[in-house]
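Position one of the sequence shown corresponds to residue 286 (the working numbering), numbered consecutively onward.
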Amino acid sequence: MLTQTPLASLDDGALARRIAAAGPDVDAAAEAELCRRLFPRARLYGLRHLRDPHAAADLAQQVLLMTLERLRANEVHDPERVASFVLGACRMTVIEQRRGTRRRDALLRTYGEQADRFEPPELPMLDADRLADCLAALSERERTVMVLSFYGEQPADEVGASLAISAGHVRVIRHRALARLRGCMGVEEVRR
């Protein structure tokens with residue numbers, strides 16, 4: 286009977302080779318052991334360079350996840366040096382984060398004041414009395430379809446089931462009623 290070597294007795298390289306050998310199958314025990322060993326190193330790198338415990342933990346998690354994905358895909362060229370790979374990935378990730386921060390800061394310096402000056406366009410005031418008069422001018426069926434569609438937020442098939450008509454007929458009634466309301470309210474129809 287073959288006995289398996291306890292994971293704790295394997296070095297980092299042996300664990301990395303074992304994960305790579307599993308391929309798309311996941312060797313959860315080996316991955317957990319490798320992460321248990323490398324997480325503190327990656328987190329320490331993050332603490333030293335990011336000076337924020339939460340950012341350091343995020344960095345370690347992101348780098349270890351990427352390392353496991355690369356090991357599973359057999360894209361780590363020298364699994365014996367997996368610890369160096371992790372620290373190099375930490376370095377490159379921190380550099381990319383800093384580069385992104387510098388870009389964002391430069392954009393804010395350039396365009397930040399312009400964003401503060403943006404004022405949304407004024408929306409036209411709704412004449413509620415006129416709308417009520419226009420709704421009253423619609424037929425009862427048109428008014429019911431409009432109320433169920435827009436106030437009740439019901440789709441055409443539900444409105445049709447309530448009124449015992451087809452969903453297509455509901456759409457036609459709604460379209461015509463909207464055209465009549467636009468005309469009554471004095472709104473020009475937008476052509477597409």
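Just so you know, even glycine gets a beta-carbon here, dropped at the ideal spot from N, CA and C.
Owing to the predicted nature of the structure, the values given are computational and were not obtained by experimental measurement.
Taken through DSSP and simplified to helix, strand or coil, leucine 349 comes out as helix.
The three-state secondary structure of leucine 411, taken from DSSP, is coil. Spatial neighbours of phenylalanine 324 in its own chain (CB-CB distance under 7 Å, excluding positions within 5 residues in sequence) are listed in chain order as Ala345, Leu349. By the neighbour-count definition (other C-beta atoms within 10 Å, threshold 16), isoleucine 380 is an exposed residue. Histidine 339 sits in a helix when the DSSP states are folded into three classes.
Judged by DSSP in its simplified three-state form, leucine 323 adopts helix. Methionine 431 counts as buried, since no fewer than 16 other beta carbons sit within 10 angstroms of its beta carbon. Note on arginine 303: 16 or more other CB atoms within 10 angstroms of its CB, so buried under the neighbour-count rule. Looking from the CA of alanine 452, the closest CA among Leu433, Arg336, Gly397, Asp363 belongs to Leu433. Rounded to the nearest angstrom, the gap between the Cα atoms of arginine 459 and proline 406 is 29 Å. The three-state secondary structure of glycine 437, taken from DSSP, is coil.
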